[in-house]
Amino acid sequence: MSDYLDPTDSVAVPRKTALRPTSLDGKVVTLLDISKAKGNHLLDRIEELLRERTHATTIVRKKKPTFARPAPDGLRQEIVGATDVLIEALAD
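The opening position of the sequence shown corresponds to residue 2 in this note's numbering, with each subsequent residue numbered one higher.
Below, the structure written as structure tokens:
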């Protein structure tokens with residue numbers, strides 16, 4: 002007889018969606034590359050469009066060391082402490 006383990010969490014953790022700003026004017030926007038192939042190309046285009054179409058105060062680029070793991074605590078704290086809007090890229 003074999004025992005099978007279910008790795009999924011038995012209780013879903015409720016989460017709220019973050020409030021979206023009505024405008025990016027005066028905001029600090031962070032573009033996070035999660036290190037997937039071509040993600041930087043997607044973020045390059047998003048940055049170009051943001052610069053053309055918004056009045057964001059600052060656009061910052063950050064990169065995770067690997068897509069296979071969550072962002073390190075230091076990187077997360079850096080982003081949380083210095084950004085108004087986060088855009089995360091996932092591409093292949």
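Ideal Cβ positions, reconstructed from N, Cα and C, are used throughout, including at glycine. Just so you know, these numbers come straight off a predicted model, no measurement behind them.
Since residue i is in the beta strand (DSSP E), which residue starts that stretch and which ends it?
i   : result
D45 : D45 -> not in any beta strand (DSSP E); alpha helix (DSSP H) instead, spanning G40 to R54.
I60 : T59 to K64
A90 : V86 to A90
Are the beta-carbon atoms belonging to residue i and residue j less than 8 Å from one another?
i   : j   : result
K64 : D93 : no
K28 : V81 : no
L91 : A57 : no
I60 : L50 : no
L32 : E48 : yes
V30 : I88 : yes
L44 : R62 : yes
Looking at the secondary structure, which residues open and close the alpha helix (DSSP H) in which residue i lies?
i   : result
D74 : D74 to A83
Under the three-state reduction of DSSP, which class applies to residue i: helix, strand or coil?
i   : result
D34 : strand
L6  : coil
V29 : strand
V14 : coil
Apart from the five residues on each side of it in sequence, which residues of its chain come closer than 7 Å, Cβ to Cβ, to residue i?
i   : result
F68 : I35, S36 and K37
For residue i, which residues in the same chain have their Cβ closer than 6 Å to its Cβ, ignoring the five residues on either side in sequence?
i   : result
T84 : V29 and T31
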